[in-house]
Amino acid sequence: MTRTSARLLAAAIIVVPLLAYPLMAVGGARFPSRDDCVRLAPEGETGALDLVFGRRDTVAEAERLLEQVRGVGYKDAELQGDGCGRWKVLYDGIESYEQGASSAEQAHGAGLEARLELEPPG
Amino acid sequence: MTVRAIAGLLALNGAFALLGLSLLWSLGVLLRWADALRLAGVGYLAGVASFGVLWTQLLVIGVPFGGWGIVATFAVGTAAVCVLGLVLGRSLPRGFGDGRGSSTTALLTTAAGVALTGLWLEALFRAVRLQSLQAYDGWAFWVPKAKAIFFFGGLDEQVFTMLPGPTYPPLVPIINAAAFHAMGGVDTVTFHLQYWFLVLGAVAAIAGLLQRRAHPALLWPALVLVLVVPRFGAGLLTPQADVLVDVFFVVGALLLALWLSDGGSWRLAAAAVLLAGATLTKREGLLFAAAAIAVALLAAALWRRPGRRWLVVSGLLVGAAAVPWRLWYRHMGIGGEAPSDAGLGGSFDRLADSLRLSFDVLFDTGLWSVVPLIALVALGAALVWGDRRLALFVGVLLGIVFVGGAWVTYSFADIPITADEAVNPIVRYTGAVVLLAGAATPLLLDSVWRGREGQT
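Protein chains in written order, with this note's numbering: chain H, 59 to 180; chain F, 3 to 458.
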């Protein structure tokens, strides 16, 4: 075997398995995205629900949104980390899907983008 | 989110490598680009250690830790060592190959070893990128201390004096806090990848140091065996300081062993940086560094190795680096790291039980597979047929560190005689013995292969 062919073979021994393994591992755990922390409530959901008025990247931005939401009348709205690196403004006093849907509609009427979401576990 | 965090970690660890490689260049060891590739792991670890040692001193005197401070440290540190290199007349590496032709068998064996190790690292990456924070010590104090440095910019008195392990040095929390800055926030899932980078650096460092000193057929199987032992597999990515202190100590000890062999002065400087890092990573790092330097001094004196005074200077610098943190926690009213009576008040039965426990743990194949057994055979063979000086250095150092583990169990009267990690640190401690034994095995076996005429 010549020196050049030995080097090529050595390069193949290294590169082929290192590239093949990630390709063969398709279907494993994927990278999570920010959307993984948004779980919209399906119609008629009977579990615990939150009325979420939006998410912001920083606490300061989220506090401004909170102020706006409270100004509309949701005095008990609060600020929470959403577990995906953002801050969300929400109202957690929702007791049924129907009540939540009605509240979301009223919020839309006041210019807020409210959505009914499943309350995160824990 | 996660991809951005990973990119941040990549940049941070690239900066560690650049800082350390610049240091090695200024020491005159990077003559060709192949040297930079071969010693990239050593350079990376030197970068991590020097960053951690420097910031420990800065935090002790109250310098705030922040994103711009990290950037400035890398910029000023790298520029400073480059200027030092220019003053010392270093030139840029020239050419790639080192002109040392290796046989086809050695080339293909190296390729197979790199491929196997690379596959293992890829698998480890997949496992760690979504790892949750579960290890008790990790969430109880290592990570909270890192969060305190990240959020408050320093050694918050309450956090650092009231959490468990108040005497544990801050190097790992500093590295973790830097990782949080690099990721853009306290992402306690993705930050496990920082430990993946440390493992990558450790593997590269050991392989790079031994590449010219051990035949690939001895180096790579030994290295792969060490990587896949059950205990390392389970503990490598745990966000604690055990792996990093072992790595600093073992690579530092290998550098000292090679310095005893070839007298390369850069090895002393690099060993000093790594051992200083060990003293500020965990409490036992102080014992490891002292043992490595003391055994090297003894060996150098016995074999009349020139340059002993530089070894003394290195030892003094390592000791000096360890002092300010100890002064800080003493100033905060925290007790010392050693038992109050140095363990002299224990019974003989407890001493015997402690030694027996250390033996049981060391030779537990469920923890370390056959690594200690193979290392013992390699040590014996090198004493008879190989490089006796190397074997004596490694053997005495292993012996001291091993006995140190038994002393820990013996001297802290409240530690029960058990391998249960929740109450006795002997399993974590023994990792240093096993890693040193495994890393030295290729060197020892190679000296047997080459025979005594190969002795230096």
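Quick reminder that beta carbons are idealized off the backbone N, C-alpha and C, glycines included.
The structure displayed is predicted, hence computed values, not measured ones.
Min CB distance residue i to chain F below 7 Å
i, result
"P178 of chain H", "no"
"M59 of chain H", "yes"
"A99 of chain H", "no"
"I76 of chain H", "Strictly speaking, residue 76 of chain H in this sequence is Leu, with Ile absent from that position. So yes, L76 of chain H belongs to the interface."
"A120 of chain H", "no"
"H166 of chain H", "no"
"I152 of chain H", "no"
"Y79 of chain H", "yes"
"A64 of chain H", "yes"
"I71 of chain H", "yes"
Any C-beta of chain H under 7 Å from that of residue i
i, result
"V116 of chain F", "yes"
"A19 of chain F", "no"
"H217 of chain F", "no"
"T106 of chain F", "yes"
"E124 of chain F", "yes"
"L110 of chain F", "yes"
"A296 of chain F", "no"
"A179 of chain F", "no"
"L121 of chain F", "yes"
"A184 of chain F", "no"
"A142 of chain F", "no"
"A113 of chain F", "yes"
"Q457 of chain F", "Reliability fails at Q457 of chain F, whose pLDDT of 47 lies under 50, so the model's placement of it is uncertain and the value that follows must be treated cautiously. Chain H, which has no Cβ nearer than 7 Å to the Cβ of Q457 of chain F, makes this no."
Pair within 7 Å by beta-carbon distance, residue i and residue j
i, j, result
"T213 of chain F", "R34 of chain F", "Checking the sequence, you will find Gln at residue 213 of chain F rather than Thr. No."
"A224 of chain F", "P444 of chain F", "yes"
"L111 of chain F", "A209 of chain F", "As written in the sequence, residue 111 of chain F is Thr, which differs from the Leu given in the question. No."
"V110 of chain H", "K146 of chain H", "yes"
"D244 of chain F", "R131 of chain F", "no"
"G10 of chain F", "M164 of chain F", "no"
"F67 of chain F", "I177 of chain F", "no"
"G279 of chain F", "G54 of chain F", "yes"
"A113 of chain F", "A118 of chain H", "no"
"A273 of chain F", "L262 of chain F", "no"
"F76 of chain F", "Y46 of chain F", "no"
"A298 of chain F", "L313 of chain F", "yes"
"A408 of chain F", "S349 of chain F", "no"
"F143 of chain F", "N15 of chain F", "no"
"F290 of chain F", "F234 of chain F", "no"
"V450 of chain F", "G397 of chain F", "no"
"L25 of chain F", "V83 of chain F", "yes"
"V31 of chain F", "W327 of chain F", "no"
Segment limits, alpha helix (DSSP H) that includes residue i
i, result
"I176 of chain F", "L173 to M185"
"V405 of chain F", "R390 to S413"
"G203 of chain F", "H194 to L212"
"C84 of chain F", "G69 to V89"
"E159 of chain F", "E159 to M164"
"K50 of chain H", "Any answer about residue 50 of chain H is impossible in this case: the structure gives chain H only from 59 up to 180."
"Q59 of chain F", "A42 to V62"
"W122 of chain F", "T106 to V130"
"W152 of chain F", "Per the sequence shown, the amino acid found at residue 152 of chain F is Phe instead of Trp. Looking at the DSSP string, the run of the alpha helix (DSSP H) that includes F152 of chain F is V145 to F154."
"M82 of chain H", "R61 to M82"
"V436 of chain F", "I428 to R452"
"F466 of chain F", "Outside the modelled stretch of chain F, which goes from 3 to 458, sits residue 466 of chain F, for which no answer is possible."
"L369 of chain F", "T367 to W370"
"V363 of chain F", "F350 to L364"
Identity of the residues DSSP links to residue i by a beta bridge
i, result
"I152 of chain H", "H:L107"
"W145 of chain H", "H:R114 and H:G139"
"L98 of chain H", "H:E175"
Within-7 Å CB hit, residue i to chain B
i, result
"A68 of chain H", "The displayed structure is made up of protein chains H and F, and chain B is not among them."
Terminal residues of the beta strand (DSSP E) in which residue i lies
i, result
"R306 of chain F", "First-last for R306 of chain F: undefined, no H or E at that position."
"L378 of chain F", "First-last for L378 of chain F: V373 to W387, but that is the alpha helix (DSSP H), not the beta strand (DSSP E)."
"R173 of chain H", "R173 to L176"
"Q138 of chain H", "E136 to G139"
Contact test: residue i Cβ vs the ligand NAP heavy atom, cutoff 6 Å
i, result
"Q160 of chain F", "In the structure shown, the ligand NAP is absent, as is every other ligand, since no ligand is present at all."
field: Length at least 4, wholly inside the stretch 231-289 of chain F: the alpha helix (DSSP H) runs in chain order
entry: 232-237, 244-264 and 267-281
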